[in-house]
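Just so you know, the protein sequences line up as chains A and B, in that order. All the letters of the first sequence, read from the start, carry residue numbers 23 to 341 under this note's numbering. All the letters of the second sequence, read from the start, carry residue numbers 1212 to 1516 under this note's numbering. Each residue gets a CB set at the ideal place from its N, CA and C atoms; glycine is no exception. All remarks here apply to the structure that follows.
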Amino acid sequence: MTQSILPERREVVMLQSAEMKRSNLSRRKMINRAFSTIGLLAILIAMATLVALLFDLVIDGVPHLSYDFFFNFPSRVASRAGILSSWVGTLLVMFVTALTAIPMGIGAAIYLEEYARKSWVTDIIEINVNNLAGVPSIIYGLLALGLFVYGLGLGRSILTAGLTLALLILPIIIVATREALRSVPLSVREAAYALGATRWQMISDHVLPYSVPGIMTGVIIGLARAIGETAPLVTIGALTFIAFLPTPPISSEFPFISFQWLMDPFTVLPIQVFNWVSRPGSDFQGNAAATALVLLLLTLAMNGLAIYVRYRLRKKIKW
Amino acid sequence: MAVTAQSERFKKRSRPKERFIEMLLFLAAFSSVIVTVSIVFILVYESATFFANVSIVDFLTDTMWTPLFSNPRYGILPLLSGTLLSTAVALVVAVPLGMIAAIYLSEFAPPRVREIVKPLLEILSGVPTVIYGYFALLFVTPLLQATILPNLPGFNILGPGSVIGIMIVPYISSVSEDAMRAVPDYLREGSYAMGATRLQTALRVVVPAAISGIAAAIVLGISRAVGETMVVAIAAGQQPNLTIDPTQPAATITAYIVQVALGDLPHGSIGYQSIFAAGLTLMLLTLFFNLAAYFLRRRFREVYE
């Protein structure tokens, strides 16, 4: 008797466990599929925030955008207030920032990538650049307040603001440039040396031209960051009510070129947003939204340009 | 013989232009060190004058921060609590979203989806923070008031904290994704061979293997949130408040610096110096987190590269 039952039992047990396995597997597969959806959902939540932000700015801001808005000075009357002084200020500050940060950043990157021998000085510079990238922007504001505004007596000027933002984006440009330089293969360098080029000839005639798209991407991303940066400029005490333009750089009298504008007080787009958004009452909130929209489109356009440049570079150059 | 002499001369020929260029480039690289030294010098120098007037014990233990009142008290705790509270709210939002997004992008998403989603996520960290401040004050807080928290004050930590959370999602997701993608495929294949699904492999094999990289990503996110200024300065109110309730208004270290800078305090006054003491505290806080992230990341690199 027992002998005839045992195989049957075994079969039942086997059937059961196969069924269990199958249902376990289908459950696990279901959870797996569910996670696919959850993953997309998480990304959608983040994206939805971006869309909500954009819509909010468009709804509040677009009615205020007009020709006058771009060419009026700030005013105590919300409907007459415009952003002339702030976009001119942004333009001039960015000019100083670019002129300082681009050569310094690229120079530093070339040194670290092409010249630096392994030494403790190089190590310190490396660690330091990485560390600077993590310093909160407002700390740069404190540096500028102590060093540029009072230490060097540059005041709360366009020059101070431009230099502050240049220091802030220096690590971004250095890191991007190094990456671009590193992606140029060694064979290019060796070929240049083999033809008798000096190190600098090799770099300036061969390595740099190949790295231009990568460097440009870094520079644009850095400037896009600088254009929206508010905290360090607020910290140096940038005035918020500026109803005049800086001294024009070109004059009709001798010597025709003036650098007085570097020392002039200024305001920039993000500070104008901050000023208007922190006013009590809702009169100026529409102005703030309109200015924020202009600023956002500007940064998005710059980031888009950076992505486009990187994309084109990837297509064009194949080693 | 002639050839050697010539090559000898070639070697010895000094190239002043080359040397000059190398010097210039070295100066550019070294300037970053000068920046750091200046930051540390300015913060320590101004703080030293501050601590000559305020005892460091009071600074660390007093529960009131009222430097601008007639009877000033200088306890950093309320600012510290505001900073940590907004960071905590940000993490509650950012860690789940960032981690899920990272796991999805690294283990589930088809390459084309990844290529589209990654730059889109990066945009989140590219939006100027002052705009996030506007959004927190005039969209998120009213939204919370209209839906789940009708008694929420107009200035609070919850709104700006969660906006900062969204802002740091790309930092957390992209660094953790890099860490997960660096996990060698044979580990995944081993897990699949045992019959595990993608999700099981992701959670039990890939995430544990990449854990120090993921921890580094979160710590970097913390460091960002701690140093974030404009969102809290605009939307959290600028009232120092020793609380652990995120629905209350409070000031962070960064918001205090902005508040003082707007008030135009005379150079050299104790109020002026107090922002440097606050800045020094902030710097030490972020330095701690950045160093932690650096070591976590290095440990993780040593394992697989």
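So what does DSSP say about residue i, is it helix, strand or coil?
| i | result |
| --- | --- |
| A:Tyr137 | helix |
| A:Met23 | Low confidence applies here, because A:Met23 scores a pLDDT of 44, under 50, leaving its location unreliable and the question unanswered by this model. |
| B:His1478 | coil |
| B:Ser1317 | helix |
| B:Ser1384 | helix |
| A:Pro96 | coil |
| A:Ile128 | helix |
| A:Phe288 | coil |
| B:Met1212 | A caution first: B:Met1212 carries a pLDDT of 46, below 50, which makes its placement in the model unreliable, though a value can still be read off. Residue state, collapsed to three classes: coil. |
| A:Ile105 | coil |
| B:Val1394 | coil |
| B:Phe1487 | helix |
| B:Ser1423 | helix |
| A:Ile65 | helix |
| B:Leu1496 | helix |
| B:Gly1432 | helix |
| A:Ser209 | helix |
| A:Phe343 | The requested residue 343 of chain A is not part of the displayed model; chain A covers only 23 to 341. |
| A:Arg301 | coil |
| A:Pro231 | helix |
| B:Met1378 | helix |
| A:Ala120 | helix |
| A:Val157 | coil |
| A:Glu251 | coil |
| A:Ala74 | helix |
| A:Met224 | helix |
| A:Thr269 | coil |
| A:Ser88 | coil |
| A:Thr239 | helix |
Taking the CB atoms as reference points, tell me whether residue i and residue j lie closer together than 9 angstroms.
| i | j | result |
| --- | --- | --- |
| B:Thr1440 | A:Val157 | no |
| A:Gly83 | A:Ala260 | no |
| A:Leu335 | B:Val1246 | no |
| A:Gly127 | A:Ile196 | yes |
| B:Ala1444 | B:Val1469 | yes |
| A:Ala123 | A:Ala198 | no |
| B:Phe1262 | B:Ile1287 | no |
| B:Gly1309 | B:Ile1368 | no |
| B:Pro1457 | B:Ala1299 | yes |
| B:Ala1421 | B:Ser1387 | yes |
| B:Gly1293 | B:Ala1462 | yes |
| B:Ala1504 | B:Ala1393 | no |
| A:Pro96 | A:Ser88 | no |
| B:Gly1482 | B:Leu1491 | no |
| B:Pro1289 | B:Ser1485 | no |
| A:Val229 | A:Val241 | no |
| A:Pro268 | A:Leu174 | no |
| B:Ala1529 | A:Ala130 | In this structure chain B extends from 1212 to 1516, so residue 1529 of chain B is not present and cannot be described. |
| A:Leu264 | A:Leu320 | Contrary to the premise, residue 264 of chain A reads as Ile rather than Leu in this sequence. No, the Cβ-Cβ distance between A:Ile264 and A:Leu320 is not below 9 angstroms. |
| B:Val1306 | B:Leu1316 | no |
| B:Leu1236 | A:Ile237 | no |
| A:Thr186 | A:Leu255 | yes |
Between the options, which has its C-alpha nearest residue i's C-alpha?
| i | options | result |
| --- | --- | --- |
| B:Thr1352 | B:Ile1342, B:Glu1333, B:Ala1489 and B:Val1374 | B:Val1374 |
| A:Ser205 | A:Ser233, A:Thr220 and A:Leu315 | A:Ser233 |
| A:Ile161 | B:Ile1253, B:Phe1231 and B:Ala1413 | B:Ile1253 |
| A:Tyr333 | A:Ala130, A:Pro235 and A:Pro270 | A:Pro235 |
| A:Ile67 | B:Val1304, B:Val1300, B:Thr1277 and B:Thr1274 | B:Val1304 |
| B:Gln1459 | B:Met1310, B:Ser1258 and B:Asn1362 | B:Asn1362 |
| A:Thr313 | A:Met324, A:Ile329, A:Val295 and A:Phe306 | A:Val295 |
| B:Ala1347 | B:Val1338, B:Gly1372 and B:Leu1335 | B:Gly1372 |
| B:Ser1402 | B:Met1391, B:Val1416 and B:Ile1486 | B:Val1416 |
| B:Pro1381 | B:Leu1507, B:Leu1332, B:Gly1406 and B:Ser1243 | B:Leu1332 |
| A:Met52 | B:Leu1410, B:Ile1327 and B:Gly1474 | B:Leu1410 |
| B:Gly1376 | B:Ser1434, B:Leu1316 and B:Gln1449 | B:Ser1434 |
| A:Leu317 | A:Tyr215, A:Thr182, A:Gly111 and A:Arg49 | A:Gly111 |
| B:Gln1449 | B:Gly1365, B:Arg1323 and B:Ser1480 | B:Gly1365 |
| B:Leu1354 | A:Ile180, A:Thr71 and A:Leu291 | A:Thr71 |
| A:Ile65 | B:Ala1407, B:Ala1390, B:Ser1385 and B:Gly1438 | B:Ser1385 |
Query raised in the report: Taking the runs of the alpha helix (DSSP H) that are 4 residues or longer, which of them lie wholly in the segment 1434 to 1473 of chain B?
Result: Those alpha helix (DSSP H) runs which fall completely within the segment 1434 to 1473 of chain B and span 4+ residues are 1441 to 1446.
Query raised in the report: What are the uninterrupted segments assigned as alpha helix (DSSP H) that are 4 or more residues long and contained completely in the segment 1218 to 1288 of chain B, given in chain order?
Result: Runs found: 1227 to 1264 and 1267 to 1272.
Report task. Taking only runs that begin and end inside the segment 1282 to 1370 of chain B, name each unbroken alpha helix (DSSP H) of 4 or more residues, in chain order. Result -> For the segment 1282 to 1370 of chain B, whole alpha helix (DSSP H) runs of length 4 or above, ordered along the chain, are 1288 to 1314, 1322 to 1337, 1340 to 1346 and 1352 to 1357.
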